[in-house]
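A.B. asks:
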Amino acid sequence: MGILISFLNLLLYLAIIIFVAYAIKWLITGFLGWSIDANVYKWGQIIVGLLCIIAIVVWLSGVLGLGGGLPHFWVYR
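Position 77 (the sequence shown) corresponds to 211 in our numbering; numbering is contiguous.
(1) Using CA coordinates, which residue listed in L144, Y156, L146 is at the minimum distance from I181?
(2) Assign W168 to buried or exposed, taking buried as 16 or more other Cβ atoms, counted over all protein chains shown, within 10 Å of its Cβ.
(3) Quick one: residues in its chain with C-beta nearer than 7 Å to the C-beta of Y213, no 5 flanking neighbours on either side, listed in chain order?
(4) Can you tell me whether L166 is helix, strand or coil according to DSSP?
(5) In whole angstroms, what separates the C-alpha of G183 from that of I162?
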């Protein structure tokens, strides 16, 4: 049960990262009406991708018990 909770927590983190990125893009392009340069947009996608990869690696390290990471609830202390 604990791994399911930590996996759902990971999905929540990923959803927050992606939602914030799209909200910033909408704010700049839709609300303010500015255009985003292609290079800036590409680097933004790279940063969002790296943040998602970091969240997945942190979750995996927590699940495998390698330190840090999201809490895994099946370990009794």
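Yeah, the Cβ is synthetic: ideal placement off N, Cα and C, and Gly gets one too.
Since we're looking at a predicted model, the values are computed, not measured.
C.D. replies: With the structure as the only source:
(1) Along the sequence shown, one-based indexing puts residue 181 at 47. Here the closest residue by C-alpha is Y156.
(2) By 1-based counting over the sequence shown, the position of residue 168 is 34. Label assigned to W168: exposed.
(3) As shown, the chain starts at 135 and ends at 211. That puts residue 213 outside it, with no answer to give.
(4) Position 32 of the sequence shown holds residue 166. In the structure shown, L166 sits in coil (DSSP, three-state: anything other than H, G, I, E or B).
(5) Here residue 183 refers to the residue found at position 49 of the sequence shown. Here residue 162 refers to the residue found at position 28 of the sequence shown. Whole-angstrom Cα-Cα distance: 20 Å.
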